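Residue numbers (my numbering), protein chains in the order written: chain A, -16 to 3; chain B, 4 to 309.
Cβ atoms here follow ideal geometry from the backbone N, Cα and C, with glycine treated the same way.
From a predicted model like this one, the values you see are computed outputs, not experimental measurements.
Read the structure below first, then the notes.
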Amino acid sequence: KEKHKILHQLLQNSTSPVDL
Amino acid sequence: PEAADLRALARHLFRAYLKYFPLTKQPTRAILSGKTGDNAPCVIHDMKSLMEGEQFINCRQMPFQEQQQTSVLTAAHGGLTEVHMGSDYGVWGMTSISGQEPQNAVELRFFQSCQSRSAEAVREVTEFAKSIPGFTDLDLNDQVTLLKYGVIEVLIIMMSPLMNKDGTLISYGQIFMTREFLKSLRKPFCQMMEPKFEFSVKFNTLELDDSDMALFLACLILRGDRPGLLNVKPIEKLQETVLHSLELQLKLNHPDSLQLFAKLLQKMTDLRQIVTDHVHLIQLLKKTEVDMCLHPLLQEIMKDLY
């Protein structure tokens, strides 16, 4: 997990609900 | 009903694609074919026009100013100065060309700003991946692996519509940089873009539109054969559905284009070699350019990749 810290964060970053 | 589901998936991915990618194929082709009138891009073809290009970009209002900010990138690396996004997000990032600097610094600085844009593009691709139905239900480590191995392939495909045989659009379509100028840069910088031009010119002859592109990108992300995946089955299942949706989309959207689906599957294979060569070139740069600083996100992606 440490090796890909930023990718993990990008994936877990909750964006506003996707209003598609 | 099954075909209806596949069409609904295609529509969903197309909407996500339009939502997350700031410059899609349709407007890009309009710019490249000179249909945008007064908004023609500034052309960079030599060192002098490179410097003028900076003036041009600084004077012109940047599009997408209100795009989402990249808080996660900056938060993860507080004080990371080369991450430069938002309203003042230009080709050359935070630095300016003084005209006084040594010639060999130009390539390096230009490369640094390309990295900033690439890091931002990785964020866009991540958001797009998260919108693929079922993706966020996968094991988180597998999501990371799929992105690690897929994202450069996706970026090369996204770059293709920006290119023609003579050059490429950069900076959200505001600048056209000629292929000859890129070839005139010092080694190994001059070797970086040429393989992408060769690939893109051929890829563009397939004439995919944005709705096809959305499905193709999703297929690239969902590959069950990426090294180190923990739970392959659900990924293959997702990919199978997206591949079916792509196949149906191509039949409907390109009824006269024979074997288009098979040709795209072949492109997926070709991309792997391009990425391998790209990563090796970056590794060479890291060794030879003492002043070069690789963006932490790109470093994460490329470390132990191939």
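| Check | Outcome |
| --- | --- |
| Using a Cβ-Cβ cut-off of 8 Å, state whether L225(B) counts as contacting chain A. | no |
| If we ignore side chains and look at the alpha-carbon of each, how far apart do S174(B) and I155(B) end up? | 18 Å |
| Cβ of S203(B) within 8 Å of Cβ of M161(B)? | no |
| Just to confirm my understanding: we take Q177(B), look at its own chain, exclude 5 residues before and 5 after, and list those with CB closer than 6 Å. What are they? | P44 |
| So what does DSSP say about K289(B), is it helix, strand or coil? | helix |
| So, for N242(B): in the same chain, excluding its five sequence neighbours on each side, which residues have a beta-carbon less than 7 Å away from its beta-carbon? | For clarity, residue 242(B) is Gln in the given sequence; the question names Asn instead. The residues are C222, L225, R226, G227. |
| In its own chain, which residues sit with a C-beta less than 8 Å from the C-beta of N256(B), not counting the 5 before and 5 after it? | D212, S214, D215 |
| Residues of chain A with a CB under 9 Å from the CB of L143(B): which are they? | K(-16), H(-9), L(-6), Q(-5) |
| What residue does the beta strand (DSSP E) around G170(B) start on, and which one ends it? | 170 to 173 |
| Whose C-beta lies closer than 8 Å to the C-beta of L287(B) among residues of the same chain, with five residues either side of it excluded? | P191 |
| Looking at H281(B) and S119(B), is the spacing between their C-beta atoms short of 8 Å? | no |
| Between Q286(B) and chain A, is the shortest Cβ-Cβ distance under 8 Å, so that the two count as touching? | no |
| Does the contact criterion of 3 or more C-beta pairs under 8 Å hold for the stretch 179 to 193 of chain B versus the stretch 11 to 19 of chain B? | no |
| If you measure between the beta carbons of L(-6)(A) and T129(B), is that distance less than 8 Å? | yes |
| Who does F179(B) pair with in a DSSP beta bridge? | V46(B), L172(B) |
| In the DSSP assignment, find the alpha helix (DSSP H) that holds I155(B) and state where it starts and stops. | 143 to 162 |
| Based on Cα-Cα distance, which residue from C296(B), G137(B), V125(B) lies nearest to P237(B)? | G137(B) |
| Between the C-alpha atoms of T208(B) and L261(B), what's the straight-line distance to the nearest angstrom? | 13 Å |
| Cα separation between E197(B) and E5(B)? | 42 Å |
| Is V282(B) close to chain D? Criterion is C-beta to C-beta, closer than 8 Å. | Of the protein chains in the structure, A and B, none is chain D. |
| Can you give me the Cβ contacts of G82(B) inside the same chain, cut-off strictly under 8 Å, excluding the 5 residues immediately before and after it? | Since pLDDT at G82(B) reaches only 30, below the 50 mark, its modelled position is unreliable, and no value is offered. |
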